[in-house]
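Read the structure below first, then the notes.
Number of protein chains: 2
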Amino acid sequence: MALIVKKFGGSSVATTEKIMNVAKRILNEKNEDDKIVVVVSAMGDTTDELITLAKGIAKEPYLYTREMDMLLSTGEQVSIALLAMAFKTLGHDAISLTGPQVGMRTNNVHTKGKIMGIEPKRVFDELEKGKIVVVAGFQGANDLGDITTLGRGGSDTSAVALAGALKADVCEIFTDVDGVYTTDPRVVKGALKMQEVTYLEMLELARLGAGVMQPRAVEMGKYYNIPIHVRSTFTTDTGTIIREEYTMEDKNHAITGVAHDCDVAKIAILGVPNTPGVAHSIFSALAADNVAVDMIVQSIRTAETNITDMVFTVSLDDLAQAKKTADAVAQKIHAAGVTYAENVAKVSIVGAGMLGSPGIAAKMFGSLAEAGINIEIISTSEISISCLVEGTKVKEAVQIIHKNFFGQ
Amino acid sequence: MALIVKKFGGSSVATTEKIMNVAKRILNEKNEDDKIVVVVSAMGDTTDELITLAKGIAKEPYLYTREMDMLLSTGEQVSIALLAMAFKTLGHDAISLTGPQVGMRTNNVHTKGKIMGIEPKRVFDELEKGKIVVVAGFQGANDLGDITTLGRGGSDTSAVALAGALKADVCEIFTDVDGVYTTDPRVVKGALKMQEVTYLEMLELARLGAGVMQPRAVEMGKYYNIPIHVRSTFTTDTGTIIREEYTMEDKNHAITGVAHDCDVAKIAILGVPNTPGVAHSIFSALAADNVAVDMIVQSIRTAETNITDMVFTVSLDDLAQAKKTADAVAQKIHAAGVTYAENVAKVSIVGAGMLGSPGIAAKMFGSLAEAGINIEIISTSEISISCLVEGTKVKEAVQIIHKNFFGQ
Chain A
26 MALIVKKFGG SSVATTEKIM NVAKRILNEK NEDDKIVVVV SAMGDTTDEL ITLAKGIAKE
86 PYLYTREMDM LLSTGEQVSI ALLAMAFKTL GHDAISLTGP QVGMRTNNVH TKGKIMGIEP
146 KRVFDELEKG KIVVVAGFQG ANDLGDITTL GRGGSDTSAV ALAGALKADV CEIFTDVDGV
206 YTTDPRVVKG ALKMQEVTYL EMLELARLGA GVMQPRAVEM GKYYNIPIHV RSTFTTDTGT
266 IIREEYTMED KNHAITGVAH DCDVAKIAIL GVPNTPGVAH SIFSALAADN VAVDMIVQSI
326 RTAETNITDM VFTVSLDDLA QAKKTADAVA QKIHAAGVTY AENVAKVSIV GAGMLGSPGI
386 AAKMFGSLAE AGINIEIIST SEISISCLVE GTKVKEAVQI IHKNFFGQ
Chain B
26 MALIVKKFGG SSVATTEKIM NVAKRILNEK NEDDKIVVVV SAMGDTTDEL ITLAKGIAKE
86 PYLYTREMDM LLSTGEQVSI ALLAMAFKTL GHDAISLTGP QVGMRTNNVH TKGKIMGIEP
146 KRVFDELEKG KIVVVAGFQG ANDLGDITTL GRGGSDTSAV ALAGALKADV CEIFTDVDGV
206 YTTDPRVVKG ALKMQEVTYL EMLELARLGA GVMQPRAVEM GKYYNIPIHV RSTFTTDTGT
266 IIREEYTMED KNHAITGVAH DCDVAKIAIL GVPNTPGVAH SIFSALAADN VAVDMIVQSI
326 RTAETNITDM VFTVSLDDLA QAKKTADAVA QKIHAAGVTY AENVAKVSIV GAGMLGSPGI
386 AAKMFGSLAE AGINIEIIST SEISISCLVE GTKVKEAVQI IHKNFFGQ
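First to last, the sequence lines map onto chains A and B. Using my numbering, you'd call the opening residue of the first sequence number 26 and step up by one each time. Using my numbering, you'd call the opening residue of the second sequence number 26 and step up by one each time.
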């Protein structure tokens, strides 16, 4: 017997026909005594349609966050009712439960709720009765009993958190790709599907630009130590399993994956007098203006003058504010000036334990040198190395690094 | 200060524009310190659209009553979110609450739930904070916390019951007619709008074919003794107030209204030996087959033979079953035969205390005689007199009776 939580997104349940297909697939794959919980999102464009309705009332409906949650949560409620009905028409008993009904408790931040705890007694009760339990993703209730939604990536997060609270054997996330790849298959044709990847590596890949899984859901998997199986809606093949540790004896490759991120801008504050506290002045001002800084590099131009350049990266969305803040700070600390560049991108390699193998960094830098690509900034973490390169060169950078580490 | 519950049906909130209009109207009519609760139905055709979706999954979705309630209850949830948002955009604080959130407890009969009690603490709390409270009609929750719907007339019933539990001053039901009329205005141009009518008279009018208010809602008003104000969505005129007793000293007319019902068929079991228990044989057989009998008349043909004819009416829906049952019973009790007629209709007058005024019955029978209309069956209750007439003559019957009692 296995207890399995399966999550299907909006495109998998976009029509009643697709809902029937999801139900059939689940019944086909189910062993006699498996206990199955299915978490679903709203059908296809439902959420967008509801937002359009709200815009017929209010120019900025998201000002009314509690009412938006009341509105948007109906989308999943429709899906669960229909999917439960689908199981019943196929001869298997099933029951639909809303987020509040599965005991998904959140804080009181509407439209961006955080899960505070789950009391899934009702789910256990219904599983005991032999029913497939169909749960509305993306939603919960706060302490007042008001419906909240979990914001971006909410359905994946609900599913993994519920799997954790139920001590499920695995949480399967069904998606339109068949797993997690060593790099973006649109950039590298020979990208390889990973069999396994650790939570930490997956989080690092997501942070560095890989888009398959929402970091929140992966963090939830790590918290509960629930294996997450990312797999295809369209095939029955095994996908990629995200878990705490590798189960296979020998990991085939020195690194896990190559990520890239084009949502990067570079700002340089030039000719900064290198006095104590100057870095603090700059980055506390940026923090105060809500600018998230990613890579940071400080370089001494000449030891005699003790003048330094402070270079850092931000996301493109934050660039306008970052420039404004940097200009103000530069004046205050008597820096020579500020320059910025949008035509930059970040290429990264991720792999647990890579810091213990100095050859890996050298191999990455060597790959870029081989392709004649200049490195503007380098930054490292426990499990990753990132290089800022010219924006037009980033795909080439990913390709050569992938080829040198994965052979294709 | 007044506490007022206002109910708007699906056609009043069919579009976001109409929802804005409802909000504006309520704010225009609201006195500074009035406390307002608004009960709404699903927008326009939403319920039908949801049923169509369900039919994409199951041929007979109403077999899955719990899941239908989960599905259909989303319709009202969308309306309340949008209406609450509309109040907020107009500058008045408001909050939407689902049926479960207002403490509407029902029994466990899905799609046809009965209200078992209301614990509206949350409603009081929100009213205290100065908010307009927008409530989803038609829905509640059973003891498991599962969403139930109240079936036909459910939104009116929710509104009146909630008004009762809140000890509101009045429950206003907004509709596409501007009140309750002395008879169907499509039949009699000069039909008069009633200023007041008692719960009992209203129930009797509904039972006898008048269609303005669902009897369930009127019964709920009677139970809680809450005045129900039936009024127009399109004008601000006073409509008709349904209450326990008339408040005006002199009621203008001897009767309250004239109703008619064409959903009637007549069955006659002829030549029945008039022995004790014969009526019981006939009507217990019909009851066992779930046929509801309305008017009953027994007439002795001749005292010598002690042979009688048993004539009764049923609704057209029940006619096929009633004929089958009557044929079987007729054989068993050695009756001469069974005849039936579909071309009949019932015309009724309703008025509290009419039995104490014998002139009223005479005036009704006289009116029909004046128009040359034959009476096939007469039946009476405490507050009504009904005559079965030829189907083609029923409009004429309503017109002449209305003219003689109301002068037009």
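All C-beta atoms in this analysis are idealised placements derived from N, C-alpha and C, irrespective of residue type, glycine included.
If the five residues before and after Asp352 of chain A are omitted, its C-beta is found closer than 7 Å to the C-beta atoms of Val363, all from its own chain and listed in chain order. In this structure, DSSP gives Pro301 of chain B a state outside helix and strand, which the three-state scheme calls coil. For Ile251 of chain B, the nearest beta carbon of chain A is not closer than 9 Å to its own beta carbon. Arg232 of chain A and Pro240 of chain A have their C-alpha atoms some 8 Å from each other.
If you draw a straight line from the Cα of Ile425 of chain B to the Cα of Ala106 of chain A, it is about 53 Å long.
For the segment 315–391 of chain B, the continuous beta strand (DSSP E) assignments of 3+ residues that do not extend past its boundaries occur at 318–327, 332–339, 362–366, 369–375, in sequence order. Rounded to whole angstroms, the separation of the alpha carbons of Leu413 of chain A and Met335 of chain A is 15 Å.
Around the beta carbon of Tyr206 of chain A, a 10 Å sphere encloses 16 or more other beta carbons of the protein chains shown; the residue is thus reported as buried. What Tyr89 of chain B touches in chain A, judged by beta-carbon distance under 7 Å, is Met110, Lys113, going in chain order. For Gln126 of chain A, the three-state secondary structure derived from DSSP is helix. Not a single C-beta of chain B is nearer than 9 Å to the C-beta of Arg130 of chain A. Considering only B:Thr90, B:Thr350, B:Val159, the residue with the shortest C-alpha distance to Val127 of chain B is B:Val159.
Excluding residues up to 5 positions away in sequence, Ala48, Ala119, Ile157 lie with their Cβ nearer than 6 Å to the Cβ of Phe112 of chain B in the same chain. For Arg268 of chain B, the three-state secondary structure derived from DSSP is strand. For His278 of chain A, the three-state secondary structure derived from DSSP is coil. At least one C-beta of chain B is nearer than 9 Å to the C-beta of Ser121 of chain A. Residue-level contact by beta carbon holds for Thr40 of chain A and chain B, with a gap shorter than 9 Å.
Straight-line measurement puts the Cα of Ala161 of chain A at about 9 Å from the Cα of Ser183 of chain A. Annotation: the continuous beta strand (DSSP E) that includes Glu221 of chain B extends over 221–223. Between Val354 of chain A and Ala310 of chain A, the C-beta spacing is below 9 Å. Exposure of Leu341 of chain B is indicated by the presence of fewer than 16 other C-beta atoms within 10 angstroms of its C-beta. For Met26 of chain B, no beta strand (DSSP E) segment is defined, and its DSSP state is neither H nor E. Of all C-beta pairs linking the segment 312–322 of chain A to the segment 414–424 of chain A, fewer than three are shorter than 8 Å, placing the two stretches out of contact.
Beyond the five residues adjoining it in sequence on each side, Lys428 of chain B comes within less than 6 Å, by CB distance, of no other residue in the same chain. Within chain A, the residues Leu75, Leu78, Met95, Leu96, Thr99 have their CB atoms less than 9 Å from the CB of Val103 of chain B, given in chain order.
When Cβ-Cβ separations below 9 Å define contact, Arg147 of chain A makes contact with chain B.
Judged by beta-carbon spacing, Val283 of chain B lies within the 9 Å limit of Val213 of chain B, meaning their Cβ atoms are closer than that value. Ser406 of chain A: member of the beta strand (DSSP E) spanning 402–406, first to last residue. The beta-carbon distance between Val375 of chain B and Leu230 of chain B, rounded to whole angstroms, is 5 Å. This is short enough to meet the 8 Å contact definition.
Secondary structure of Ile398 of chain A (DSSP, three-state): coil.
Our two residues, Ala83 of chain A and Ile44 of chain A, have alpha carbons roughly 32 Å apart in a direct line. Remark: C-beta atoms of Val372 of chain A and Leu393 of chain A approach each other more closely than 9 Å.
Taking a beta-carbon distance threshold of 9 Å, Leu107 of chain A counts as an interface residue toward chain B. In the displayed model, Phe259 of chain A falls within coil according to three-state DSSP, outside both helix and strand. Taking 9 Å as the cut-off, the Cβ atoms of Ile172 of chain A and Pro210 of chain A do not count as close. Across the segment 44–60 of chain B, CB contacts with chain A closer than 8 Å involve Ile44, Met45, in sequence order along the chain.
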